[in-house]
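Peer 1:
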Amino acid sequence: MSSLFVYSLFFIIGIFLSYLFFPLLMDMIVEGSEKRGFYNGPWKTHLGIGKDTIPKIEKSAIARVGLGANSSEETIYWNAFTDPDGNPLISKFSYVIELKADLPIDFENQGFWSITIYGHDKFLVENTRKKYMFRYSADDKMNFSFPIVINLKQSGGDNSEFSIPLPIKNEKFSIALRCYRPLQIMQNQITCSTIQMPSITKIC
Amino acid sequence: MLTLIIITFAFLLIGFLAGLIILTQVFPIWEVKRLQKKLAKEGYDFGKWKHFRELVDHNVKVIVKPNCETLYSSIFIQTSLGPFCLIIPPVSGYFCITFLNKNTDVLSYITNKDISDMDQTTFNIIFSEKNQSVKENNIYLKSNLCWIIARFGIRANEDVKLIHNLQNNLILNKF
């Protein structure tokens, strides 16, 4: 009887430990698992958001980092957690994001893309400029030409549109590239790999 | 003694795995219901829009990875109590309405292509036990609990008042 009690107790402790470990598991799936999601260089996405056919574990991971996310037909969410060499993005270094060509977005129907920086806690990075992202739509075609270069620095760099501050403490950060109204080429896993994604370069 | 320890850790492991499996199955539903209850506590019960009026900044820690390029309006409805009439004002900038079930599956969505930028557009939201595509402005939802999220694209702080006006004119009524 006492053995049964001990076994039951450890079973319950196991359940409790799973509750504590669950967020970490979800983060591992979103950030690290090569079997879950799709890669183009350091950029990772999931092309099945919103579908009822994707595995539950992936649905849970998506709910953790993007509850209420649009379906992949309407928005594709790319994330970068490492540079092209596989090293984590760390704010003590400066980085340059370069887009040599436009992304396949339906600009005619109000589509646009944006790049946003998040700290290790997955929230926006505190800074006095309140500058967190860069956005590009059809209206910007007259003002910006390619290549578009965005600077990421701890000090925040200059005050221009093309400079986004990184966390002051030396910590990991991530880059989110949101593509609203992606064209069909980005929605298909085969053709998606042919897209020239923004490059991420570490400046030591 | 060794056998006892092994069995004990086996139960620990089984509990751990069982917990992970259960959490994986229920987490999205859990999160959606948690959000719905939170909104209800704030006074936004079923059928009442919560309009997010301000662009997020680094002080906002409600949902991870908030975006800074859209303003949201959110509402929960019980579809079986409908049908409902959704009236969307004319919108010229980026706009999207998504209909999700409690499992975060996207049941349907409306974009700029489906609405007018000159006049309001009306949709009927109807509970249906079968999957049906949108027909003649009828949106059929195969879920009783439905979370509706409207997203308005915003370019600059100057657009905020315009978006507020659009949000105020976003109407959802029962027939």
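In the order they appear, the protein sequences are chains W and V.
Residue 165 in the numbering used here sits at position 109 of the first sequence, with consecutive numbering throughout.
Residue 165 in the numbering used here sits at position 145 of the second sequence, with consecutive numbering throughout.
Glycine included, every Cβ here is placed at the ideal spot set by N, Cα and C.
Owing to the predicted nature of the structure, the values given are computational and were not obtained by experimental measurement.
Strictly under 8 Å for the Cβ-Cβ distance: is Val180/V near chain W by that measure?
Peer 2: Within the second sequence, numbered from 1, the residue matching residue 180/V stands at position 160. Val180/V does not count as touching chain W.
Peer 1: Give me the chain V residues within the contact set of Lys228/W, using Cβ-Cβ distance strictly less than 8 Å, ordered along the chain.
Peer 2: What you label residue 228/W is simply residue 172 of the first sequence in a count that begins at 1. What Lys228/W touches in chain V: nothing, since even the nearest Cβ is about 14 Å away.
Peer 1: Any heavy atom of the ligand SAM inside 7 Å of the beta-carbon of Leu24/V?
Peer 2: Within the structure as shown, the ligand SAM is missing, as the structure has no ligands at all.
Peer 1: Hey, Phe119/V and Leu161/V: beta-carbon distance below 8 Å or not?
Peer 2: One-based indexing of the second sequence puts residue 119/V at position 99. One-based indexing of the second sequence puts residue 161/V at position 141. Yes, these two residues count as a Cβ contact at 8 Å.
Peer 1: Let me make sure I understand the geometry here. Which of Phe163/W, Ser74/W, Ile110/W, Tyr174/W has the alpha-carbon closest to that of Ser147/W?
Peer 2: As a working mapping, residue 147/W is identified with position 91 in the first sequence. Of the candidates Phe163/W, Ser74/W, Ile110/W, Tyr174/W, the residue whose Cα lies closest to the Cα of Ser147/W is Tyr174/W.
Peer 1: What are the residues in the stretch 176-190 of chain W lying within 9 Å of chain V by C-beta distance?
Peer 2: Asp177, Lys178, Phe179, Leu180, Val181, Glu182, Asn183, Lys186, Tyr188, Met189
Peer 1: Among the candidates Glu114/W, Val121/W, Ile85/W, Ala194/W, whose CA atom is the shortest distance from the CA of Lys81/V?
Peer 2: On the second sequence, position 61 is the one that residue 81/V refers to. That would be Val121/W, whose Cα lies nearest to the Cα of Lys81/V.
Peer 1: So is Pro109/V in contact with chain W if we call contact Cβ pairs under 8 Å?
Peer 2: Along the second sequence, read from residue 1 onward, the residue named residue 109/V stands at position 89. For Pro109/V, the answer is no, since every Cβ of chain W falls outside 8 Å of its Cβ.
Peer 1: So if DSSP puts Val205/W in a beta bridge, which residue, or which two residues, is it bridged to?
Peer 2: Here residue 205/W is taken as the residue at index 149 of the first sequence, counted from 1. Paired residues: Glu154/W.
Peer 1: Between the Cα of Lys258/W and the Cα atoms of Ser193/W, Glu130/W, Gly142/W, Thr184/W, which residue gives the shortest distance?
Peer 2: The residue you call residue 258/W lines up with position 202 of the first sequence. Here the closest residue by C-alpha is Gly142/W.
Peer 1: So Pro110/V and Ser136/V are supposed to be a Cβ contact under 8 Å. How far apart are they, rounded?
Peer 2: Position 90 of the second sequence, counted from the first residue, corresponds to residue 110/V. Position 116 of the second sequence, counted from the first residue, corresponds to residue 136/V. Between Ser136/V and Pro110/V the Cβ distance is about 5 Å, and since that is below 8 Å, they are a contact.
Peer 1: Just curious, the alpha helix (DSSP H) that Cys248/W is in, first and last residue?
Peer 2: Locating residue 248/W in the first sequence gives position 192, counting from the first residue. Segment 245-248, the alpha helix (DSSP H) holding Cys248/W.
Peer 1: Please list, in chain order, the chain V residues whose beta carbon lies closer than 7 Å to that of Thr172/W.
Peer 2: The count along the first sequence starts at 1 and reaches residue 172/W at position 116. Here the neighbours are Asn87, Cys88.
Peer 1: Kindly indicate which three-state DSSP category Ile117/V falls into: helix, strand or coil?
Peer 2: Indexing the second sequence from 1 puts residue 117/V at position 97. Three-state DSSP puts Ile117/V in a strand.
Peer 1: Within 10 angstroms of the Cβ of Leu24/V, are there 16 or more other Cβ atoms? Answer buried if so, exposed if not.
Peer 2: Counting from 1 along the second sequence, the entry for residue 24/V is found at position 4. Answer is exposed; the Cβ neighbour count stays below 16.
Peer 1: Can you find a CB in chain V that lies within less than 8 Å of the CB of Asp108/W?
Peer 2: Taking the first sequence and counting its residues from 1, the one referred to as residue 108/W is at position 52. Cβ-Cβ to chain V under 8 Å: yes for Asp108/W.
Peer 1: Look at Ile105/W and Ile256/W and say whether their C-beta atoms are less than 8 Å apart.
Peer 2: Looking up residue 105/W in the first sequence gives position 49. Looking up residue 256/W in the first sequence gives position 200. No.
Peer 1: How long is the line joining the alpha carbons of Met82/W and Glu164/W, rounded to whole angstroms?
Peer 2: If you number the first sequence from 1, residue 82/W lands on position 26. If you number the first sequence from 1, residue 164/W lands on position 108. For Met82/W and Glu164/W, the distance between alpha carbons rounds to 36 Å.
Peer 1: Mind pulling the beta strand (DSSP E) runs of 3 or more residues that sit fully within the stretch 123-160 of chain V?
Peer 2: 126-131, 141-147
Peer 1: Quick check on this structure: which residue in Met138/V, Arg54/V, Ser128/V, Phe172/V has the alpha carbon closest to the alpha carbon of Phe147/V?
Peer 2: For the purposes of this step, residue 147/V is taken as residue 127 along the second sequence, with counting starting at 1. Considering only alpha carbons, the answer is Ser128/V.
Peer 1: Give the single residue among Lys155/V, Arg171/V, Trp167/V, Ile117/V whose Cα lies nearest to the Cα of Gln56/V.
Peer 2: Sequence index remark: in the second sequence, residue 56/V carries index 36 (1-based). It is Trp167/V.
Peer 1: Is the separation between the beta-carbon of Gly35/V and that of Phe115/V shorter than 8 Å?
Peer 2: For this step, residue 35/V is matched to residue 15 along the second sequence. For this step, residue 115/V is matched to residue 95 along the second sequence. Against a cut-off of 8 Å, the Cβ pair of Phe115/V and Gly35/V comes out as no contact.
Peer 1: Using the C-alpha atoms, what's the distance from Pro238/W back to Phe66/V?
Peer 2: Taking the second sequence and counting its residues from 1, the one referred to as residue 66/V is at position 46. Taking the first sequence and counting its residues from 1, the one referred to as residue 238/W is at position 182. Roughly 32 Å separates the two Cα atoms.
Peer 1: Who are the neighbours of Ile34/V on chain W, taking C-beta pairs under 7 Å?
Peer 2: Position 14 of the second sequence, counted from the start, is the residue given in the question as residue 34/V. Residues of chain W passing the Cβ test: Phe67, Gly70.
Peer 1: Under the three-state reduction of DSSP, which class applies to Pro221/W: helix, strand or coil?
Peer 2: Translated into the one-based positions of the first sequence, residue 221/W becomes position 165. Strand, per DSSP.
Peer 1: Among all the DSSP beta bridges, which residues are the ones paired with Gly173/V?
Peer 2: Counting from 1 along the second sequence, the entry for residue 173/V is found at position 153. According to DSSP, Gly173/V bridges with Thr90/V.
Peer 1: Of all the beta strand (DSSP E) runs that stay within the bounds of the stretch 118-197 of chain W, which reach a length of 3 or more residues?
Peer 2: 131-136, 150-155, 168-174, 189-193
Peer 1: Could you have a look at Pro111/W and say whether DSSP puts it in helix, strand or coil?
Peer 2: As a working mapping, residue 111/W is identified with position 55 in the first sequence. It is coil, neither helix nor strand.
Peer 1: Taking Ser211/W as the reference, give the member of Lys187/W, Gln240/W, Ile171/W with the closest Cα.
Peer 2: The residue given as residue 211/W occupies position 155 in the first sequence. When C-alpha distances from Ser211/W are compared across Lys187/W, Gln240/W, Ile171/W, the shortest belongs to Lys187/W.
Peer 1: Asn188/V lies in the alpha helix (DSSP H); which residues open and close that run?
Peer 2: Here residue 188/V refers to the residue found at position 168 when the second sequence is read from its first residue. Segment 180-188, the alpha helix (DSSP H) holding Asn188/V.
Peer 1: Is the stretch 193-201 of chain W touching the stretch 58-74 of chain W, taking contact as three or more C-beta pairs under 8 Å?
Peer 2: no
Peer 1: With 8 Å set as the bound, which would you pick, yes or no: does the beta-carbon of Tyr129/V sit closer than that to a beta-carbon of chain W?
Peer 2: Your numbering for residue 129/V matches position 109 in the second sequence. Judged by the 8 Å Cβ criterion, Tyr129/V is in contact with chain W.
Peer 1: Nearest CA to the CA of Lys209/W: which residue from Tyr133/W, Ser128/W, Ser150/W, Ile113/W?
Peer 2: The residue labelled residue 209/W in the question sits at position 153 within the first sequence. Ranking Tyr133/W, Ser128/W, Ser150/W, Ile113/W by Cα distance to Lys209/W puts Ser150/W first.
Peer 1: List, in chain order, every chain W residue whose beta-carbon is nearer than 7 Å to that of Gly102/V.
Peer 2: As a first step, residue 102/V is located in the second sequence; it is residue number 82 there, counting from the start. Residues of chain W passing the Cβ test: none, with the nearest at roughly 21 Å.
Peer 1: Could one say the Cβ of Gly122/W lies closer than 8 Å to chain V's Cβ atoms, at least one of them?
Peer 2: For the purposes of this step, residue 122/W is identified with residue 66 of the first sequence, where counting begins at 1. Output row for Gly122/W: interface = yes.
Peer 1: Quick check: is the beta carbon of Ser219/W nearer than 8 Å to any beta carbon in chain V?
Peer 2: Against the first sequence, residue 219/W aligns to sequence position 163. It does not: the Cβ of Ser219/W has no partner Cβ on chain V nearer than 8 Å.
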